[in-house]
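J.: So the sequences go chain by chain: A and B. Counting from 1, position 121 in the first sequence corresponds to residue 121 in the numbering used here; the numbering is continuous, with no gaps. Counting from 1, position 109 in the second sequence corresponds to residue 234 in the numbering used here; the numbering is continuous, with no gaps.
Number of protein chains: 2
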Amino acid sequence: MNRRNTPTKEAVLSLLSSSKKALSQDAIERQLDIKINRATIYRVLNRFCEDDLVHRIVAEDGKQYFAICKKCEPSEKTKYHFHFRCLSCDTIECLKIPVQYSIPEGYEVQNANCVLTGTCNDCSL
Amino acid sequence: MNRRNTPTKEAVLSLLSSSKKALSQDAIERQLDIKINRATIYRVLNRFCEDDLVHRIVAEDGKQYFAICKKCEPSEKTKYHFHFRCLSCDTIECLKIPVQYSIPEGYEVQNANCVLTGTCNDCSL
DNA sequence: CGTATTATTGCAACATAATCGCAATAAAAT
DNA sequence: ATTTTATTGCGATTATGTTGCAATAATACG
């Protein structure tokens, strides 16, 4: 299952790279110059997640958002970070705040999905 | 908009009270003795959330889960706690772990939705 | 009690997010 | 140039959650 380079893949990746915010499928579709099918966008995004190029956030609205986060090298300690969802401008961004927790004995954590919701700096002025 | 006592409301509340886990709408529907319409269950749950009887968790699967958590008095410091979603037994439980974060200047947090995913104690044996 | 008010319910329809099967296309290997 | 197969588009499908509306029933009030 070797990956192939396609215009679709490059377009989505480049959009995510240049975006400061996490984007949902419909946001990606809207912001792209070229028309790409919905199912294809999801498939491309899912592949990116498999390859750890992109990470997926599920917000309180139940929707998936996708982000490339260059800052967050997967060091053991700062593996997960918080996300912030602004209800005013309806965006999600990665915060440079590590998720800290002490898990009870016997539990094994494979992933963390932590989203704070409220009003962001830009909107609270 | 005064609330009324109904068998439906009592059934759902009693189920949530006796459950150690957070339940989704379909889990509630399955576990109830009496047959209650899907839309009604959602409406009852949404009312409980409005009245702060129940809290809502959105998991990585995009689904809503509902829990009564007696331990978690809404003290200022321990306002939010982590949740744990076990992929093996497909349940969500409240952890007694407070969510700690230092939010950047200008941000206002209204809610936190933090779910750790992995394998729970029961399933890791 | 009996009646009026209106919160609640069930049903069907709707909206949206995300996935899947399948045939057509096109990237990469030979 | 040809073969292989990853990728794409389309349509259909699944699932979650909400909404409009008429019927029901809990509560208040005479």
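Just so you know, even glycine gets a beta-carbon here, dropped at the ideal spot from N, CA and C.
Going straight from the alpha carbon of B:A237 to that of B:L220, what length do you get?
T.: When rounded, the distance between both Cα atoms is 14 Å.
J.: For A:C120, which of B:A184, B:P229, B:F207, B:F209 has the nearest alpha-carbon?
T.: The shortest C-alpha separation from A:C120 is found at B:P229.
J.: Between the Cα of A:D122 and the Cα atoms of A:V115, A:S102, A:L87, A:V99, which residue gives the shortest distance?
T.: Considering only alpha carbons, the answer is A:L87.
J.: Is the separation between the beta-carbon of B:F191 and that of B:L241 shorter than 8 Å?
T.: Their beta carbons are not under 8 Å apart, which means B:F191 does not touch B:L241 by this criterion.
J.: I'd like to know whether the C-beta of A:Q25 is nearer than 8 Å to at least one C-beta of chain B.
T.: Taking Cβ atoms only, chain B never reaches closer than 8 Å to A:Q25, which makes this a no.
J.: Taking 8 Å as the threshold, find out whether the stretch 179 to 193 of chain B comes into contact with the stretch 47 to 60 of chain A through three or more Cβ pairs.
T.: Yes, the stretch 179 to 193 of chain B is in contact with the stretch 47 to 60 of chain A.
J.: Cβ closer than 9 Å: which chain B residues qualify as neighbours of A:I103?
T.: The contacting residues are F207, F209, L220, I222, L241, G243.
J.: Examine chain A for any beta-carbon lying closer than 8 Å to the beta-carbon of B:N252, and answer yes or no.
T.: Not covered by the structure: residue 252 of chain B. The range shown for chain B is 126 to 250.
J.: What are the boundary residues of the alpha helix (DSSP H) that includes B:A147?
T.: Taken as a continuous stretch (DSSP letters only), B:A147 belongs to no alpha helix (DSSP H), as it is neither H nor E.
J.: Tell me which residues share the same chain as A:E93 and place their Cβ nearer than 6 Å to its Cβ, disregarding the 5 neighbours each side in the sequence.
T.: For A:E93, where only same-chain residues beyond five positions count, the Cβ hits under 6 Å are K21, F84.
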